[in-house]
Amino acid sequence: MNTFLLWIHPLVQAGAALIGFWAMWQGGKRVQMLLGKKILFPWKQHVKLGTWGLCLWTLGALAFYTTHTVFGYAHITGLHAYLAWPIVCLSLFGLASGYAMDRYKKKRKWLPIFHGFSNSILVCLVLLECWTGLILCLQWL
Numbered sequence: 450m451n452t453f454l455l456w457i458h459p460l461v462q463a464g465a466a467l468i469g470f471w472a473m474w475q476g477g478k479r480v481q482m483l484l485g486k487k488i489l490f491p492w493k494q495h496v497k498l499g500t501w502g503l504c505l506w507t508l509g510a511l512a513f514y515t516t517h518t519v520f521g522y523a524h525i526t527g528l529h530a531y532l533a534w535p536i537v538c539l540s541l542f543g544l545a546s547g548y549a550m551d552r553y554k555k556k557r558k559w560l561p562i563f564h565g566f567s568n569s570i571l572v573c574l575v576l577l578e579c580w581t582g583l584i585l586c587l588q589w590l
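One point on numbering: in my numbering, the residue at position 112 of the sequence shown is 561, and numbering is uninterrupted.
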């Protein structure tokens, strides 16, 4: 069971990263469209992928329970554990702002900018989190 717990987190989070990066790429299409380029923005798919990615990144914080269960302590993974907190906060903001824009469609200026900017920071943190997680996996092997 402990081995399962140690391997399910990186696998699920790797999938979440791919989904989140795909949603971010689509968000880039939206920015291009707003800047005047003739391009199609797959709104519904962006919302669906973004929701899945952000939810899975938020659930990734459950790894604190995994490390506590397996090793008896949480936060033993150093930077990897500490990066999870801003990732969860930014994911929750991304979910809330994305929900507001999808549910209440209207012309907006600042919410889409904050949504895109915070999710851009989030993707950078997720890349760093993937790197620190890969180092941990290689050490554990």
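Backbone N, C-alpha and C define an ideal beta-carbon position, used for all residues, glycine too.
Counted within 10 angstroms of its Cβ, other Cβ atoms place residue i as buried (16 or more) or exposed
i    : result
H524 : exposed
A549 : exposed
G582 : buried
Among the options, nearest to residue i - alpha-carbon criterion
i    : options                : result
T609 : L528, Q494, P535       : Since the displayed the chain opens at 450 and closes at 590, residue 609 lies outside it and no answer follows.
I457 : L511, F566, G565, L528 : L511
T518 : L577, F453, G469       : F453
R552 : W501, A530, K493, L455 : K493
Local conformation of residue i per DSSP, three classes
i    : result
H524 : coil
L489 : coil
K555 : coil
L674 : Here the chain has residues from 450 to 590 only, and residue 674 is not among them.
L585 : helix
L574 : helix
Cβ pair residue i, residue j closer than 8 Å
i    : j    : result
G499 : G543 : yes
G547 : V480 : no
Assumed close pair residue i, residue j - CB separation to whole angstroms, cut-off 8 Å
i    : j    : result
F470 : M482 : Not really, about 19 Å apart at Cβ, beyond 8 Å.
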